[in-house]
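Residues 0 to 409 (numbering that gives the first Met the number 0) make up the sequence shown, in order. Beneath this line is the structure, given in structure tokens, with notes to follow.
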Amino acid sequence: MTERFSGSFTQQEPIPEEGIAAAVAVLRHGRLHRYNTAPGEVAETVLLEQEFAALTGARYCLAVASGGYAMGCALRAMGVQAGDAVLSNGFTLAPVPGAIAALGARPVFVEVTDNLVLDFADLEAKARSSGARVLMLSHMRGHVCDMGALMVLCDRLGLRVIEDCAHTMGATWNGVPSGRHGVVGCYSMQTYKHVNSGEGGFLISDDAEVMARAILLSGSYMLYGKHLAAPGPEAFATVRMVTPNVSGRMDNLRAAILRPQLRQLADRVARWEARYRALEAGLAGVPGLVLTVRPEAERFVGSSFQFCLPDWSAARIQVFLTRTLARGVELKWFGADQPMAFTSRYDHWGYAEVQSLPQTDRILAGLVDMRVPLTFTVEDCALIARILREEALVVGQGPEPDWAEAPVVQ
Ligand SMILES: *Cc1c(COP(=O)(O)O)cnc(C)c1O
0 MTERFSGSFT
10 QQEPIPEEGI
20 AAAVAVLRHG
30 RLHRYNTAPG
40 EVAETVLLEQ
50 EFAALTGARY
60 CLAVASGGYA
70 MGCALRAMGV
80 QAGDAVLSNG
90 FTLAPVPGAI
100 AALGARPVFV
110 EVTDNLVLDF
120 ADLEAKARSS
130 GARVLMLSHM
140 RGHVCDMGAL
150 MVLCDRLGLR
160 VIEDCAHTMG
170 ATWNGVPSGR
180 HGVVGCYSMQ
190 TYKHVNSGEG
200 GFLISDDAEV
210 MARAILLSGS
220 YMLYGKHLAA
230 PGPEAFATVR
240 MVTPNVSGRM
250 DNLRAAILRP
260 QLRQLADRVA
270 RWEARYRALE
280 AGLAGVPGLV
290 LTVRPEAERF
300 VGSSFQFCLP
310 DWSAARIQVF
320 LTRTLARGVE
330 LKWFGADQPM
340 AFTSRYDHWG
350 YAEVQSLPQT
360 DRILAGLVDM
370 RVPLTFTVED
380 CALIARILRE
390 EALVVGQGPE
400 PDWAEAPVVQ
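Set out below in structure tokens:
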């Protein structure tokens, strides 16, 4: 019998009951704005920031409206100006170049390796040719490069690093939390990430001046003294009159939903790993299907799964996607000509200068991507792997499909 999967690739787990109760309490008292507190009350947003700072070991933390906002705020706080070149991964998600472009700065894309991480030789070449002083490092789909080697290289090149940790909240490199290597770490709490408040973002940093600027930028007016995961008043003295207010605050309702989820993060990471490993084991050894290698030093969050079909034609990949979808497995492909839903590629971002990344093009042409929500069980993942394995064998070893017959998957 042909097996079929019937789960939803976009269904997250419910908000924990504790978070629902805390959200209802905020709704009942009505003080949703982070600076609107009763005498003696510490806002949910402030507690959330303290708790995330403690979780990551960062000195300072700021909660904001979205992950994209966090990145834009970090760039501004680090002094990036209109016209400046900012380096970033050639393989990333649209909000990353979007945050750079929103400042009038210029995204300069760096090649990625077969393991989907930054190519250090190309980073060095692009740093020199562009004159960039900042690297917006995207741990895209949770793949972390050798952070020790990267930081040595960036020090040598005079690059300051912002980490895009949208897919690495809860991950570590050699035991150090993702987001703690660069000057600033940025996170997203959008529904499809590792904690869910619909929208939301964090910045963490040990740099008092950068964090003071970020807090002012986020729309703190002269109420920055209410932040408790923040530098002292002396850090604000020189910047408070010259930093624009670019409102993008977190609110107490979302903070209330997030706090109990932070307490679940370590457990979620373990559950994601079990799902990831079931997929990995089920797909090992399929001819023509290449899995990414996960380094020993990396503790990753398996909230998505990637594999490459390096020698497959576009038509063959289209047939594979159509057949797996017919069996209930929803895949995304980075090789499509046109951007679809959340999936797009650097050459689709027409607001950036036209750039050529032949190595990244070759990798993305065969790159297949899948969401792994925690509503899937480990058995679900084993079933998905069986379906993918069977279809990869049939389609991979079948005759080359005719272009005209290859269906276009939407
Ligand atoms: C989701 C995401 C972001 C930022 O997301 P928001 O939707 O703005 O919260 C940044 N980088 C990557 C790689 C992402 O996937």
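Glycine included, C-beta positions come from ideal geometry on N, C-alpha and C. Given the structure is predicted, the values throughout are model-derived calculations rather than measurements.
In angstroms, rounded to a whole number, what distance separates the CA positions of residue i and residue j?
i      : j      : result
Leu262 : Gln189 : This sequence places Arg at residue 262; Leu is not what is there. Rounded to whole angstroms, Arg262 to Gln189 spans 17 angstroms at the Cα level.
Arg159 : Val85  : 10 angstroms
Phe90  : Ala120 : 16 angstroms
Asp379 : Phe4   : 8 angstroms
Glu272 : Val116 : 19 angstroms
Leu222 : Ala207 : 17 angstroms
His138 : Ala165 : 8 angstroms
Met0   : Gly6   : 19 angstroms
Gln409 : Ala81  : Note that Gln409 scores a pLDDT of 48, beneath 50, so its modelled location is shaky; the value from the coordinates is reported in the next line. Going from the Cα of Gln409 to the Cα of Ala81 covers about 37 angstroms.
Thr237 : Gln354 : 39 angstroms
Leu392 : Arg274 : 22 angstroms
Leu47  : Ala101 : 27 angstroms
Ala351 : His28  : 46 angstroms
What is the residue span of the beta strand (DSSP E) that residue i lies within?
i      : result
Pro106 : 105–109
Asn88  : 84–88
Ala20  : Taken as a continuous stretch (DSSP letters only), Ala20 belongs to no beta strand (DSSP E), being part of the alpha helix (DSSP H) at 16–28.
Gln305 : 303–307
When the distance is taken between beta carbons, is residue j closer than 8 angstroms to residue i?
i      : j      : result
Glu2   : Thr374 : no
Gly200 : Gly66  : yes
Ile316 : Asp113 : no
Ser303 : Met369 : yes
Thr342 : Phe333 : yes
Trp172 : Met146 : yes
Glu279 : Leu290 : yes
Gly178 : Thr44  : no
Arg385 : Gly301 : no
Tyr186 : Met168 : yes
Gly141 : Ala98  : no
Met70  : Pro94  : yes
Considering only heavy atoms of ligand 1, does any lie closer than 7 angstroms to the CB of residue i?
i      : result
Asp163 : yes
Val63  : no
Met139 : yes
His166 : yes
Glu198 : yes
Lys192 : yes
Ser204 : no
Leu92  : yes
Gln189 : yes
Val410 : This structure gives no information on residue 410, because the portion of the chain shown stretches from 0 to 409.
Gly82  : no
Gly181 : no
Gly78  : no
Below 8 angstroms, how does it come out for the stretch 255–270 and the stretch 15–22: are there three or more Cβ pairs, yes or no?
Result yes; three or more Cβ-Cβ pairs closer than 8 angstroms.
Mind the definition here: the stretch 49–68 touches the stretch 212–228 only if three or more C-beta pairs lie below 8 angstroms; say whether that holds.
In short, these stretches touch, since the Cβ pair count reaches three.
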